[in-house]
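Remarks on the structure that follows.
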Ligand SMILES: Cc1cc2nc3c(=O)[nH]c(=O)nc-3n(C[C@H](O)[C@H](O)[C@H](O)COP(=O)(O)OP(=O)(O)OC[C@H]3O[C@@H](n4cnc5c(N)ncnc54)[C@H](O)[C@@H]3O)c2cc1C
Ligand code: FES
Ligand code: FES
């Protein structure tokens, strides 16, 4: 359908953008438009003012230093794919982003838009939660930092206030020897996940895993870590048996809804398989 | 709102409402009807154009967002004299049936081959995964794109 009518502004500074957003109750930021424009075409959203963030070039930077990786909100999927530094600085992010949407959408869609949109089946919110990322936001009342776990509330619902803009996603530093894996199942590459698992752990001198982080995408109201599955991994040498136990714990921890794409029971089973395979890949056991 | 951008090498200025998508602006205001509209919500790829050299979906971009940009549509990827190597390859491989998806396929393939003239079949399939074709079954399209690769390589690297 054609879009509902709205006003449009394209401010040159963050301060102007914030003032515009605060000027109306139903104003909305516009980043890549790859979620917002379809929502408007379906009349799920009909903001009266769109504030285009495209001229805010400060939000397009990818910064990497000893504190970790900082992604400006307007960094596109394409920019992450093209940045070779991230192969070492955050291989899990890179792997997850390779599953996001299709070629043309990756040239437009941004990390900030994905975080703000908060689709429970989207990869970036899942990576933010799994990796204990911080989301930096700013509004006319000042700036604040929200940890990813507190940020996501429900499908398309977050802790972001209507007059706030996400400026940066901060991923903690990635030690060089960390083990990681990402597995996603979707009907077609680039489609939203029916279920996906993002995992990492560190390994001590005895080869035992510690600091396990296992995140589930697409099987709940919001992405979430699965402490029961993590408990199966911590203190263990990760092998086939451990990965299977963690997979069963993962399935037992979730209660996904059925929708036209897959039944809840199928998704529940699938997340177990994804966690199992992601752990095996992290432990260097499978090419799958 | 007044809006200026470059389309297929020509500078244009048009008057649009903010709600007008770029694809409607191209088709209805500029009569460039080679770009097709299938779904109007980003899932079919028929509306793919090149914006500053990158393949994008023109149904998910507001015309006003293209202010100052360089746009190339399917009309800009052809000429009156002869088929381009990519078009000729689509014909050779019978990669066109009804033709509805073809503008999106050609613009997407052009963007891919311009950047990655050595891409393999998996990469072509991955990139075209966002373009729906209801006729061909895709195999002929993938073959046509692979066969056109040589035309995008610098002359010295050609056998
Ligand atoms: C066919 C199709 C398939 C897709 N598949 C996937 C997929 O597999 N995985 C996936 O993760 N995504 C997928 N997407 C969505 C895509 O990744 C979007 O680009 C992304 O979710 C939103 O980013 P955007 O920059 O386009 O945001 P927009 O659409 O511009 O905005 C989305 C929302 O975020 C708000 N917003 C944007 N930027 C900010 C900011 N800096 N601060 C505050 N609020 C902001 C907007 O107001 C709006 O509410 C798909 C999209 C399509 C059309
Ligand atoms: S019309 Fe734009 S993707 Fe279908
Ligand atoms: S040729 Fe008919 S849709 Fe592709």
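Protein chains in written order, with our numbering: chain Z, 1 to 288; chain Y, 1 to 159. From the three backbone atoms N, C-alpha and C, an ideal C-beta is built for every residue, glycine too.
Checklist line | Three-state secondary structure assigned by DSSP to residue 180/Z | finding: strand
Checklist line | chain Y contacts from the stretch 40 to 66 of chain Z (Cβ-Cβ distance under 8 Å) | finding: Hits within the stretch, in order: 41, 42, 50, 52, 54.
Notebook entry, point to check: Which residues share a DSSP beta bridge with residue 164/Z?
Noted result: 139/Z
Next item on the list: For residue 29/Y, verify whether its CB is less than 8 Å away from any heavy atom of ligand 1.
Entry: Residue 29/Y Cβ: outside cutoff for every heavy atom of ligand 1.
Margin query: Please determine whether the Cβ atom of residue 38/Z lies at a distance below 8 Å from any heavy atom of ligand 1.
Written below: yes
Item checked: Continuous alpha helix (DSSP H) stretch holding residue 211/Z: start and end -> Not the alpha helix (DSSP H): residue 211/Z falls in the beta strand (DSSP E), residues 209 to 217.
Next item on the list: Answer yes if the stretch 175 to 185 of chain Z comes into contact with the stretch 48 to 63 of chain Z, meaning at least three C-beta pairs across the two stretches below 8 Å, and no otherwise.
Entry: no
Item checked: Any non-hydrogen atom of ligand 2 within 8 Å of residue 83/Y CB -> no
Note to self: Strictly under 9 Å for the Cβ-Cβ distance: is residue 108/Y near chain Z by that measure?
What the structure shows: yes
Next item on the list: With 9 Å as the threshold, decide whether the Cβ of residue 114/Y is near any Cβ in chain Z.
Entry: Not one beta carbon of chain Z lies nearer than 9 Å to the beta carbon of residue 114/Y.
Next item on the list: Go through its chain and collect everything with a Cβ distance to residue 69/Z's Cβ below 6 Å, but skip five positions before and after it.
Entry: 89, 90, 171
Next item on the list: Using beta-carbon positions only, say whether residue 275/Z and residue 246/Z come within less than 9 Å of one another.
Entry: yes
Notebook entry, point to check: Can residue 111/Y and residue 50/Y be called in contact, C-beta distance under 9 Å?
Noted result: yes
Item checked: Alpha carbon of residue 147/Z to alpha carbon of residue 130/Z, nearest angstrom -> 11 Å
Item checked: Members of the stretch 42 to 61 of chain Y that neighbour chain Z once the beta carbon cut-off is set at 7 Å -> 42, 45, 48, 54, 55, 56, 57, 60, 61
Check: Name the chain Z residues that come within less than 7 Å of residue 127/Y, Cβ to Cβ?
Finding: Near residue 127/Y (Cβ distances below 7 Å), the residues of chain Z are 103.
Notebook entry, point to check: What's the C-alpha gap between residue 103/Z and residue 263/Z?
Noted result: 28 Å
Next item on the list: Count the other CB atoms, across all protein chains shown, that sit within 10 Å of the CB of residue 52/Y; report buried if there are 16 or more and exposed otherwise.
Entry: exposed
Next item on the list: Starting from residue 276/Z, follow the beta strand (DSSP E) in both directions and report where the run begins and ends.
Entry: Segment 264 to 282 is the alpha helix (DSSP H) holding residue 276/Z; no beta strand (DSSP E) there.
Notebook entry, point to check: Mind listing which residues of the stretch 88 to 100 of chain Y have their C-beta closer than 7 Å to chain Z's C-betas, in chain order?
Noted result: none
Notebook entry, point to check: Using a threshold of 8 Å, is the CB atom of residue 44/Y nearer than that to any non-hydrogen atom of ligand 2?
Noted result: yes
Checklist line | Simplified DSSP assignment, three categories, for residue 72/Z | finding: strand
Margin query: Between 32/Z, 26/Z, 189/Z, 80/Z, which has its C-alpha nearest residue 45/Z's C-alpha?
Written below: 26/Z
Notebook entry, point to check: Nearest to residue 116/Y by CA position, among 129/Y, 131/Y, 150/Y, 48/Y, is which residue?
Noted result: 150/Y
Notebook entry, point to check: Relative to the C-alpha of residue 131/Y, which residue among 37/Y, 13/Y, 26/Y is closest?
Noted result: 37/Y
Checklist line | Short CB-CB distance (under 9 Å) between residue 130/Y and chain Z | finding: yes
Margin query: Taking 9 Å as the threshold (C-beta atoms), are residue 214/Z and residue 279/Z in contact?
Written below: The criterion of a C-beta distance shorter than 9 Å is satisfied by residue 279/Z and residue 214/Z.
Next item on the list: For chain Y, find out if any of its Cβ atoms is closer than 9 Å to the Cβ of residue 280/Z; answer yes or no.
Entry: no
Margin query: Classify residue 160/Y: buried if its beta carbon has 16 or more other beta carbons within 10 angstroms, exposed otherwise.
Written below: Absent from the structure is residue 160/Y, since the part of chain Y shown begins at 1 and ends at 159.
Item checked: Candidates 82/Y, 108/Y, 100/Y, of which the one nearest residue 73/Y by Cα -> 108/Y
Margin query: Tell me the DSSP secondary structure of residue 94/Z in three-state form.
Written below: Helix at residue 94/Z.
Next item on the list: Report yes if the C-beta of residue 34/Z is less than 8 Å from at least one heavy atom of ligand 1; otherwise report no.
Entry: yes
Item checked: Beta-bridge partners of residue 28/Z, as assigned by DSSP -> 50/Z
Next item on the list: Flag residue 101/Y as yes when its Cβ comes closer than 8 Å to any non-hydrogen atom of ligand 3, and as no otherwise.
Entry: yes
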